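Colleague:
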Amino acid sequence: MTDYATMNKTQLRAACKEAGISYANLDNDGMRAALTGVVTHTDEQPAPIKVKVENNGIIRPRAGGKLDAVWTALDGMLAETGKAPTLKEAKAVAAERGWAAGTLNVQFYRWKQFIAA
Numbered sequence: 047m048t049d050y051a052t053m054n055k056t057q058l059r060a061a062c063k064e065a066g067i068s069y070a071n072l073d074n075d076g077m078r079a080a081l082t083g084v085v086t087h088t089d090e091q092p093a094p095i096k097v098k099v100e101n102n103g104i105i106r107p108r109a110g111g112k113l114d115a116v117w118t119a120l121d122g123m124l125a126e127t128g129k130a131p132t133l134k135e136a137k138a139v140a141a142e143r144g145w146a147a148g149t150l151n152v153q154f155y156r157w158k159q160f161i162a163a
């Protein structure tokens with residue numbers, strides 16, 4: 047059995063190359079772990095999968111963002127009443143939640159285009 051703990055960087059790279067392990071993004075400890083088959087814990091989270099929802103040429107804002115909050119509120123108003131809210135109704139909600147009027151106007155009409163049949 048090889049003692050990877052005492053190997054330097056060059057020796058570890060050679061051992062990784064021989065074992066068919068890519069060492070491009072690994073430091074010495076990472077190469078040692080890969081060679082011994084031990085998975086080390088990293089603090090890096092995997093990148094979230096981005097899903098684009100598009101309808102009528104309009105892409106829905108990403109979930110959890112500020113613009114998504116506007117769209118979610120508009121979706122809720124549509125679900126409650128069964129009809130699309132008016133700009134006046136949407137402005138009342140925007141005032142309660144502290145949204146900028148310009149942002150609401152733009153997002154309201156983008157949302158209307160998005161839900162149009």
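With the numbering used here as the guide, the letters of the sequence shown map in order to residues 47 to 163. Here a beta-carbon is modelled for each residue, glycine too, at the ideal position from N, C-alpha and C. All values reported here derive from a predicted model rather than from experimental measurement.
1. Considering only DSSP beta bridges, list what Asn102 is partnered with.
2. If I follow the unbroken alpha helix (DSSP H) through Arg156, where does it start and stop?
3. What does the Cβ neighbour count give for Leu133, buried or exposed, with the cut at 16 atoms within 10 Å?
4. Can you tell me whether Val116 is buried or exposed? The criterion is at least 16 other CB atoms within 10 Å of its CB, across all chains shown.
5. Asp112 to Ile104, Cα distance in whole Å?
6. Give the secondary structure of Tyr69 by DSSP, where H, G and I count as helix, E and B as strand, and everything else as coil.
7. The alpha helix (DSSP H) spanning Ala115 covers which residue range?
8. Tell me whether the beta-carbon of Val97 lies closer than 7 Å to the beta-carbon of Arg106.
Modeller: Well, looking at it:
1. Indexing the sequence shown from 1 puts residue 102 at position 56. Answer by DSSP bridge pairing: none, since Asn102 is not bridged.
2. Walking along the sequence shown from the start, residue 156 turns up at place 110. 147-161 is the span of the alpha helix (DSSP H), which, as asked, contains Arg156.
3. Here residue 133 refers to the residue found at position 87 of the sequence shown. Exposed: under 16 other Cβ atoms inside 10 Å.
4. Here residue 116 refers to the residue found at position 70 when the sequence shown is read from its first residue. Buried, by the Cβ-count rule.
5. Within the sequence shown, numbered from 1, the residue matching residue 112 stands at position 66. Within the sequence shown, numbered from 1, the residue matching residue 104 stands at position 58. Looking at the sequence shown, residue 112 is not Asp but Lys. Distance between the alpha carbons of Lys112 and Ile104 is about 17 Å.
6. The residue you call residue 69 lines up with position 23 of the sequence shown. It is coil, neither helix nor strand.
7. In the sequence shown, counting from the first residue as 1, residue 115 sits at position 69. Looking at the DSSP string, the run of the alpha helix (DSSP H) that includes Ala115 is 112-127.
8. Counting from 1 along the sequence shown, the entry for residue 97 is found at position 51. Counting from 1 along the sequence shown, the entry for residue 106 is found at position 60. For Val97 and Arg106, no; Cβs fall outside 7 Å.
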